[in-house]
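Going by full-length UniProt numbering, the first residue of the sequence shown is number 1, and it counts up by one from there. Everything on this sheet refers to the single structure shown next.
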Amino acid sequence: MKKEIFVVLVTGIVLFSFVTPVQAKVTVEVNPNLELFSVVYILAFGWKDPFVIAPWNYTRDVLEYFFPYRNHEAVKYIRELFANDSSYIDRDYAIAMFVDNKTLVEDLPEILEKFARDSNFTEFYLRHRKEYENLTSIYRPYLNITEKLHRELFGRSFKDYKVELSYSLYIHPHSGFTNTTAYYVGGILHAAGVSRYQGICTIFHEFTHPLVDQLVTNVTFKNVSYYLSGIKTRYPKITSLDPMHFSNYTIYFKEGITESVAEFMCLNAGVPRDFVRYRNLLYSLFLTEDFLEEIERFNKTKHENETLFDYLPVLIRHMESWATEDNVSRYFDTKLPILGEDFAESVLDSRRIVIIYGTRNPDKSGILIDQRAAERLKYEVKEMFKSTYGTQVNVTVKFDKAVIPEDLRQNVILVGGPVSNNITRELNDVLPIKFVKYNGTWCLVRNPSNVTWLGSFRYSERYFKEVTGDFVSCAKGIGVIERIRNPWNRNRILVVVAGVDRIGTARVVLRFPYGTEGSYMILGKGWAESGFYVQPH
């Protein structure tokens with residue numbers, strides 16, 4: 001996401017006079033103004049608000065330190081300011097716009113300045129400087145390559161690169177720039193491993209936006225605009241709700257090329273290639289696989305002083321060969337894995353989900369546990385679609401023996417594995433992640449026979465790697481969330497939420513529907529596996 005701010009607010013004119021310094025300066029900090037706003041937001045909406053991302057110990061310190069000011073006029077101001085944002089998407093962009101217009105241009109509303117004085121916010125901020133530094137120091141070594149790569153790829157760069165973070169509030173990542181400085185603005189990612197790499201690549205992404213904006217114009221990409229038409233045909237609901245990325249083909253291609261350049265920079269900065277491959281698949285809607293291949297090809301073959309601006313005609317010719325207006329839907333059928341967007345699109349279209357729990361378990365208490373899990377999922381899914389998309393969804397819970405054929409033609413969520421659920425048992429052999437019994441123990445195995453391609457990534461806080469082969473694990477307490485095209489109606493999506501035992505089912509029920517990237521996710525004790533598979537209509 002990119003916003004042309006800072007200079008726009010002051011002068012109304014953005015000057016693209018990029019410079020080529022000998023050594024650009026990269027700074028990373030938890031911005032005091034952002035953190036001040038974040039503290040007031042927490043007081044206004046509470047620590048359970050989905051945008052609050054700080055560890056509990058820090059959030060508790062916020063609530064205790066600022067308790068006397070919980071009814072401050074600034075808290076009421078922020079609460080009223082965002083009161084009408086009915087969905088997560090609305091709140092997401094409202095926060096980003098507020099930050100743009102008020103925070104980093106040193107134009108904080110007087111009411112927030114008063115809160116800072118009254119509460120002695122500076123003392124709180126200084127008390128936590130070590131925590132801030134511990135996290136921000138992770139990013140700096142990776143980012144020092146930014147200016148060098150920008151100059152090599154685009155023939156231009158900024159003099160300074162500034163990363164401005166909120167420690168406690170999720171702020172949609174976006175960029176701003178002046179004639180000499182590029183800014184990244186966003187919420188910090190707290191966990192190690194995957195989150196660290198995500199943060200680094202996202203920072204590269206936002207730093208690169210203003211350069212790609214000069215590369216991609218209405219004229220240059222007009223003849224390949226059919227790619228966006230293909231995506232809109234496939235995801236009409238999702239794309240209409242996200243004009244920041246899909247409103248026109250120029251914006252769409254800017255996002256895809258920016259992301260692919262960011263992934264190229266990640267590879268050169270030392271981010272593991274397996275992670276970059278994983279992220280590339282997450283962004284598949286933006287042609288990232290082909291764009292990244294083009295950027296790597298350009299980098300290997302370019303002449304001295306040649307830039308992506310010079311390579312642009314070649315890129316366009318190659319795009320015309322990937323697909324045509326007549327076969328672009330087939331192109332996406334072979335390229336796009338099943339993602340969370342597919343489930344969301346299908347539900348937004350039909351507004352209906354049927355959750356089915358099993359009755360096969362000989363232990364009646366197990367049936368009751370699955371029923372309660374299904375009811376929990378009903379609540380969570382309804383809340384997710386209401387808060388994220390502002391949409392009411394009709395969700396029905398049924399046990400497997402009460403299901404009629406029409407139920408199976410809807411968007412379906414199956415709770416429980418083949419031991420407990422008759423429908424899961426019936427589908428088990430065609431599931432990309434299937435349940436297999438070895439020597440009396442239930443295990444999970446990869447089953448690529450029903451998909452055209454399957455890629456898997458195993459990770460923890462200590463490692464991230466692509467894995468191959470069929471076998472996954474026979475460990476106790478593991479569970480899977482997997483999405484497939486509904487075999488009874490391929491225009492709908494079927495989701496399996498199940499474990500090899502009760503603990504495994506409980507583990508994945510607590511995770512769904514949030515935070516389940518990719519086509520499937522397996523959760524174990526201290527590790528997880530996410531994967532992607534292509535399953536055409």
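Quick reminder that beta carbons are idealized off the backbone N, C-alpha and C, glycines included. Quick caveat, the model's predicted, so the values are computed rather than measured.
Worksheet item: What separation, rounded to the nearest whole angstrom, lies between the Cα atoms of residue 296 and residue 248?
Response: Within the sequence shown, numbered from 1, the residue matching residue 296 stands at position 296. Within the sequence shown, numbered from 1, the residue matching residue 248 stands at position 248. Cα-Cα distance, rounded: 26 Å.
Worksheet item: Are the region 283-297 and the region 334-346 touching by the rule of at least three beta carbon pairs closer than 8 Å?
Response: yes
Item to complete: State the Cα-Cα distance for the pair residue 534 and residue 331, rounded to the nearest angstrom.
Response: Counted from its first residue, the sequence shown places residue 534 at position 534. Counted from its first residue, the sequence shown places residue 331 at position 331. If I take the Cα positions, the gap works out to 12 Å.
Practice prompt. Give the straight-line distance between the Cα atoms of residue 105 and residue 181, rounded to the nearest whole angstrom.
Written response: Residue mapping note: residue 105 aligns to position 105 of the sequence shown, counting from 1. Residue mapping note: residue 181 aligns to position 181 of the sequence shown, counting from 1. At residue 105 the pLDDT is 43, less than 50, meaning the model places this residue with poor confidence; the figure from the coordinates comes in the next sentence. Distance between the alpha carbons of residue 105 and residue 181 is about 13 Å.
Worksheet item: Mind checking residue 513: buried by the 16 CB within 10 Å criterion, or exposed?
Response: For the purposes of this step, residue 513 is taken as the residue at position 513 of the sequence shown. Label assigned to residue 513: buried.
Discussion item. Going residue by residue through the region 254-310, where are the continuous alpha helix (DSSP H) segments of at least 4 residues, counting only ones entirely within it?
Written reply: 273-282 and 288-301
Practice prompt. Taking 9 Å as the cut-off, decide whether the C-beta atoms of residue 250 and residue 271 are in contact.
Written response: Mapped onto the sequence shown, residue 250 falls at position 250. Mapped onto the sequence shown, residue 271 falls at position 271. Not closer than 9 Å, so no.
Practice prompt. Quick one: using the 10 Å Cβ neighbour count with 16 as the cut-off for buried, is residue 294 buried or exposed?
Written response: In the sequence shown, residue 294 corresponds to position 294, counting from 1. It counts as buried.
Item to complete: Give a yes or no on whether the C-beta atoms belonging to residue 475 and residue 416 are separated by under 9 Å.
Response: To locate residue 475, count along the sequence shown from 1; it is residue 475. To locate residue 416, count along the sequence shown from 1; it is residue 416. Not in contact: residue 475 and residue 416 (Cβ atoms no closer than 9 Å).
Worksheet item: Could you give the residue range of the alpha helix (DSSP H) that holds residue 127?
Response: Walking along the sequence shown from the start, residue 127 turns up at place 127. First-last of the alpha helix (DSSP H) with residue 127: 121-127.
Discussion item. Classify residue 208: buried if its beta carbon has 16 or more other beta carbons within 10 angstroms, exposed otherwise.
Written reply: Sequence index remark: in the sequence shown, residue 208 carries index 208 (1-based). Classification for residue 208: buried.
Item to complete: Below 6 Å CB to CB, which residues in the same chain sit around residue 30 once its five sequence neighbours on both sides are set aside?
Response: Counting from 1 along the sequence shown, the entry for residue 30 is found at position 30. Answer for residue 30: 132, 165 and 167, listed in chain order.
Worksheet entry | Exposed unless 16 or more other CB atoms sit within 10 angstroms - verdict on residue 392 | What you label residue 392 is simply residue 392 of the sequence shown in a count that begins at 1. It counts as exposed.
Worksheet item: Hey, out of 422, 176 and 195, whose CA is closest to residue 213's CA?
Response: By one-based count along the sequence shown, residue 213 stands at place 213. Taking only the C-alpha atoms, the option nearest residue 213 is 176.
Worksheet item: Is residue 245 helix, strand or coil when you go by DSSP?
Response: The residue given as residue 245 occupies position 245 in the sequence shown. Residue 245: helix per DSSP, three-state reduction.
Worksheet item: Would residue 441 be called buried (16 or more neighbouring beta carbons within 10 Å of its own) or exposed?
Response: Within the sequence shown, numbered from 1, the residue matching residue 441 stands at position 441. Exposed: under 16 other Cβ atoms inside 10 Å.
Worksheet item: When we look at the beta-carbon of residue 117 and count the other beta-carbons within 10 Å, is it buried (16 or more) or exposed?
Response: Position 117 of the sequence shown holds residue 117. Counting Cβ neighbours within 10 Å, residue 117 comes out exposed, since fewer than 16 surround it.
Item to complete: Decide if the region 219-238 is in contact with the region 261-276; the criterion is three or more beta carbon pairs, one per stretch, under 8 Å apart.
Response: no
Discussion item. Residues in the same chain with beta-carbon distance under 7 Å from residue 453, minus the five sequence neighbours each way, listed in chain order, please.
Written reply: For the purposes of this step, residue 453 is taken as residue 453 along the sequence shown, with counting starting at 1. Cβ neighbours of residue 453 beyond the five flanking positions: 533 and 534.
Worksheet item: How about residue 433 and residue 425: are their beta carbons less than 9 Å apart?
Response: Taking the sequence shown and counting its residues from 1, one reaches residue 433 at position 433. Taking the sequence shown and counting its residues from 1, one reaches residue 425 at position 425. Cβ atoms of residue 433 and residue 425: not closer than 9 Å.
Worksheet item: Any C-beta of chain D sitting closer than 9 Å to the C-beta of residue 504?
Response: Of the protein chains in the structure, only one exists, and it is not chain D.
Practice prompt. Could you pull the start and end residues of the beta strand (DSSP E) that residue 571 belongs to?
Written response: Here the chain covers residues 1 to 537 and nothing more, so residue 571 does not appear.
Worksheet entry | Option nearest residue 490 by Cα separation, candidates 55, 346, 265 and 162 | In the sequence shown, counting from the first residue as 1, residue 490 sits at position 490. The option with the nearest alpha carbon to residue 490 is 346.
Discussion item. Along the chain, where does the alpha helix (DSSP H) containing residue 475 start, and where does it finish?
Written reply: In the sequence shown, residue 475 corresponds to position 475, counting from 1. Here residue 475 belongs to no alpha helix (DSSP H), and DSSP marks it neither H nor E.
Worksheet item: What are the start and end residues of the alpha helix (DSSP H) that includes residue 44?
Response: For the purposes of this step, residue 44 is taken as the residue at position 44 of the sequence shown. 32-45 is the extent of the alpha helix (DSSP H) around residue 44.
Worksheet item: Terminal residues of the continuous beta strand (DSSP E) containing residue 174?
Response: Position 174 of the sequence shown holds residue 174. 174-177 is the span of the beta strand (DSSP E), which, as asked, contains residue 174.
Practice prompt. Give the single residue among 32, 147 and 497 whose Cα lies nearest to the Cα of residue 265.
Written response: Stepping through the sequence shown from its first residue, residue 265 is reached at position 265. Considering only alpha carbons, the answer is 147.
Worksheet item: Is it right to say residue 37 is buried, meaning 16 or more other beta carbons lie within 10 angstroms of its own, or is it exposed?
Response: As a working note, residue 37 is residue 37 in the sequence shown. Buried.
Worksheet entry | Contacts around residue 492, its chain only, beta-carbon distance under 8 Å, and the 5 residues preceding and following it disregarded | Residue numbering aside, residue 492 sits at position 492 when the sequence shown is read from its first letter. Once the five neighbours on either side are set aside, the close Cβ partners of residue 492 are 346, 350, 409, 410, 411, 412, 485 and 486.
Worksheet item: Taking Cβ positions, are residue 499 and residue 479 nearer each other than 9 Å?
Response: Numbered from 1 along the sequence shown, position 499 holds the residue referred to as residue 499. Numbered from 1 along the sequence shown, position 479 holds the residue referred to as residue 479. Yes, the Cβ-Cβ distance between residue 499 and residue 479 is below 9 Å.
Worksheet item: Closest to residue 367 by CA distance: which of 428, 427 and 357 is it?
Response: As a first step, residue 367 is located in the sequence shown; it is residue number 367 there, counting from the start. Nearest of 428, 427 and 357 to residue 367, Cα basis: 357.
Worksheet item: Start and end of the alpha helix (DSSP H) containing residue 95?
Response: On the sequence shown, residue 95 is found 95 positions in, with the first residue counted as 1. It spans 88-98 - the alpha helix (DSSP H) in which residue 95 sits, taken as one unbroken run.
Worksheet entry | Coil, strand or helix - residue 525 by DSSP | Residue 525 sits at position 525 when you count from the first residue of the sequence shown. Coil at residue 525, not helix or strand.
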